Amino acid sequence: MYGKATNLFQFKLYPLRFTEFDFHPGLLEGIDASGYETATPVQEQVIPAILAGRDIIASAQTGTGKTAAFLLPMIHRILSNHTDGQVGSLIIVPTRELAIQISQHLEGLSYFTNISSIAIYGGNDGQSFVNEKKALQMGADIIVCTPGRMIAHINMNYVNMKGLQFLVLDEADRMLDMGFQEDIARITDALPQERQTLLFSATMPDKIRQLARKILKNPVEVNIAISKPPEKIVQKAFVVFEEQKLPLVKQVLTTTPYRTALIFCSRKQNVKQLARTLQQSKFDVQEMHSDLEQSQREDIMNGFTSGRVPVLIATDILSRGIDIDTIDLVINYDVPHDGEDYVHRIGRTARAEADGVAYTFIGEKEQNKFAEIETLLGKSVDKAPVPAELGPVPPYQPRTRGGRSGGNGPRRNFTPKRR
Ligand code: AMP
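Under our numbering, the first residue of the sequence shown carries the number 733, and numbering increases by one thereafter.
So this is what it looks like as structure tokens:
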């Protein structure tokens, strides 16, 4: 999996980078513009199997990067094997919201390609139905649909799926829970037998296994169980405005006792900027990201391991695999992309017999992302009071996928006791 990866000492520093897949250049541009650099675990497993032409059954929850795991190889294969006037791929999802979300995700990733796509779901006006009909008759590379609306079109006898290469069932367990079993069977009956089928489901009850036996051929099975962080890590989150993060990190570094601390930022630009700003304020920090020369990285890692570098600011390049038992403080200066990254990042502390603290700073725009991580973890993370001198903080009011607000109402802040 880690084909071109180089190991620094015993550390596995490099998850698979997208540039290592032989993707179409336009697709790589879309990946870059979406801010993705390395593949998530589900993507590492699923993408090569899809590119190799295999059917897939994957248990992966929302937040693991599963959507891009099927969209990317699918876009790549459709670009390499484009057939005009045909529907290339059909993605069936349980809800309109998910159809819209996937379709927007798809537009972002395929922006620099000539992939055509449409979302087909109920509840909109007559003109949408006409456009959907046109796409189903004349062809569209990728169609994202809800089962009910698709059946409405199939019943009118003009749906042409002869050139279909891919069928995706996303959130299959939810579709069966919602009673779409027969609709799915009717849709699959209208599709060619020769196709690649990809089934994604958060859970794998018996009824999903039965469905899989009917529609998949010799599938590759992928199981991405989200790992749980060790109980002994004390996890806290600070809900702040973006501009409060810098004074807060300074506060934390001056008031929290630690031997070595690791601060994560999601982008290398942010790592560089934070390192510069903290150095200007006389904090003893170093930075670690992929723009550094190999020898510089080794120096810095040596310094960090020996304790000479007390604080390291890094991208997710360091979120996996490194095992340094003096790290007793991890700060997520921004919210990680997904639950898996969160678990890996905070798992850098409390190694072996040691204890550890993990703080996450949640900016205004990161609340939804953090709430998704909490859902994946199956519990909410304690929201710690922000020091009063930093001023008022925003309320924690993330919108969950169902559109509900999970707010805790307005918050007051107060000065915590020094430890
Ligand atoms: P999903 O599990 O498909 O709902 O994706 C969860 C979130 O992760 C979405 O906001 C995606 O845009 C984001 N995402 C997916 N793949 C990557 C990646 N390789 N790097 C960074 N973010 C990603």
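By construction, the Cβ of each residue, glycine as well, lies at the ideal position given by its N, Cα and C atoms.
All of these numbers come straight from a predicted model, not from anything done at the bench.
Legend entry - Simplified DSSP state of Pro747, which is helix, strand or coil: Stepping through the sequence shown from its first residue, residue 747 is reached at position 15. Three-state result, Pro747: coil.
Inset, instruction - For Leu760, name the three-state secondary structure that DSSP assigns. - result: Along the sequence shown, read from residue 1 onward, the residue named residue 760 stands at position 28. Looking at Leu760 - three-state DSSP - the assignment turns out to be helix.
Inset, instruction - Can you grab the Cα-Cα spacing for the pair Gln742 / Leu1050, in whole Å? - result: Within the sequence shown, residue 742 is the residue found at index 10, counting from 1. Within the sequence shown, residue 1050 is the residue found at index 318, counting from 1. Model confidence at Gln742 stands at a pLDDT of 33, short of 50, so the residue's coordinates are unreliable; what they give is reported in the following sentence. Rounded to whole angstroms, Gln742 to Leu1050 spans 13 Å at the Cα level.
Inset, instruction - Helix, strand or coil for Glu864, going by three-state DSSP, please let me know. - result: Looking up residue 864 in the sequence shown gives position 132. If DSSP states are grouped into helix, strand and coil, Glu864 belongs with the helices.
Legend entry - Sequence-distant residues of its chain with Cβ nearer than 6 Å to Asn1140 (five each side left out): If you number the sequence shown from 1, residue 1140 lands on position 408. A caution first: Asn1140 carries a pLDDT of 37, below 50, which makes its placement in the model too unreliable to give a value.
Inset, instruction - Consult DSSP for Arg1150 and reduce its assignment to one of helix, strand or coil. - result: Along the sequence shown, one-based indexing puts residue 1150 at 418. With a pLDDT of 28 at Arg1150, under the threshold of 50, the modelled position of that residue is not reliable, and no figure is offered here.
Legend entry - Cβ pair Ser821, Val900 closer than 8 Å: What you label residue 821 is simply residue 89 of the sequence shown in a count that begins at 1. What you label residue 900 is simply residue 168 of the sequence shown in a count that begins at 1. Yes; because the gap between Cβ atoms is below 8 Å, this pair is in contact.
Legend entry - Pairwise C-alpha distance: Ser842 and Ile1032: Walking along the sequence shown from the start, residue 1032 turns up at place 300. Walking along the sequence shown from the start, residue 842 turns up at place 110. So the alpha carbons of these two residues sit roughly 38 Å apart.
Inset, instruction - Check whether the Cβ of Thr796 sits closer than 7 Å to any heavy atom of the ligand AMP, and report yes or no. - result: Within the sequence shown, numbered from 1, the residue matching residue 796 stands at position 64. Checking the Cβ of Thr796 against the ligand AMP gives yes.
Inset, instruction - Evaluate Phe932 with the Cβ neighbour count: other Cβ atoms within 10 Å of its Cβ, from every protein chain shown; 16 or more gives buried, anything less gives exposed. - result: Stepping through the sequence shown from its first residue, residue 932 is reached at position 200. Counting Cβ neighbours within 10 Å, Phe932 comes out buried, since at least 16 surround it.
Inset, instruction - Using three-state DSSP, classify Met870 as helix, strand or coil. - result: Translated into positions along the sequence shown, residue 870 becomes position 138. Helix.
Inset, instruction - Give a single yes or no on whether Gln1018 has its beta carbon closer than 7 Å to a heavy atom of the ligand AMP. - result: Counting from 1 along the sequence shown, the entry for residue 1018 is found at position 286. Every heavy atom of the ligand AMP is 7 Å or more from the Cβ of Gln1018, so no.
Inset, instruction - Could you have a look at Arg1131 and say whether DSSP puts it in helix, strand or coil? - result: Taking the sequence shown and counting its residues from 1, the one referred to as residue 1131 is at position 399. Strand at Arg1131.
Inset, instruction - Pull up the distance between the alpha-carbon of Phe912 and that of Pro879, whole angstroms please. - result: Within the sequence shown, residue 912 is the residue found at index 180, counting from 1. Within the sequence shown, residue 879 is the residue found at index 147, counting from 1. Looking at the two C-alpha atoms, the distance is approximately 7 Å.
Inset, instruction - Flag Ala784 as yes if its beta-carbon sits less than 8 Å from any beta-carbon of chain D, otherwise no. - result: Absent from the structure: chain D. Only one protein chain is present.
Inset, instruction - Output the distance between the C-alpha atoms of Thr1058 and Gln775, rounded to the nearest integer angstrom. - result: As a working mapping, residue 1058 is identified with position 326 in the sequence shown. As a working mapping, residue 775 is identified with position 43 in the sequence shown. Near 32 Å, if we compare the C-alpha coordinates of Gln775 and Thr1058.
Legend entry - Contacting residues, own chain, Cβ-Cβ under 7 Å from Arg749 (five flanking each side not counted): Taking the first residue of the sequence shown as 1, we reach residue 749 at position 17. Closer than 7 Å at Cβ, skipping near neighbours: Glu769 and Thr770.
Inset, instruction - Provide the residue(s) that pair with Thr1037 in DSSP beta bridges, ordered along the chain. - result: The residue you call residue 1037 lines up with position 305 of the sequence shown. DSSP output for Thr1037 lists no bridge partner at all.
Legend entry - Collapsed DSSP secondary structure at Met1020 in the structure displayed: Position 288 of the sequence shown holds residue 1020. Reduced to three states, the DSSP call for Met1020 is strand.
Legend entry - Boundaries of the alpha helix (DSSP H) in which Ile782 is found, first to last residue: Here residue 782 refers to the residue found at position 50 of the sequence shown. Ile782 -> alpha helix (DSSP H) spans Pro773 to Leu783.
Inset, instruction - Rounded to whole angstroms, what's the CA-CA distance from Thr1037 to Ser791? Just pull it up for me. - result: As a working mapping, residue 1037 is identified with position 305 in the sequence shown. As a working mapping, residue 791 is identified with position 59 in the sequence shown. Taking the straight line joining both Cα atoms gives about 37 Å.
Inset, instruction - Name the residue from Pro979, Met888, Ser1022 and Ile810 whose alpha carbon lies nearest to the alpha carbon of Ser1013. - result: By 1-based counting over the sequence shown, the position of residue 1013 is 281. Here the closest residue by C-alpha is Pro979.
Inset, instruction - Please report the residue range of the beta strand (DSSP E) in which Ala1090 lies. - result: Counting from 1 along the sequence shown, the entry for residue 1090 is found at position 358. Per DSSP, Ala1090 belongs to the beta strand (DSSP E) from Gly1088 to Ile1094.
Legend entry - Backbone secondary structure at Ile824 - three-state DSSP: Mapped onto the sequence shown, residue 824 falls at position 92. Looking at Ile824 - three-state DSSP - the assignment turns out to be strand.
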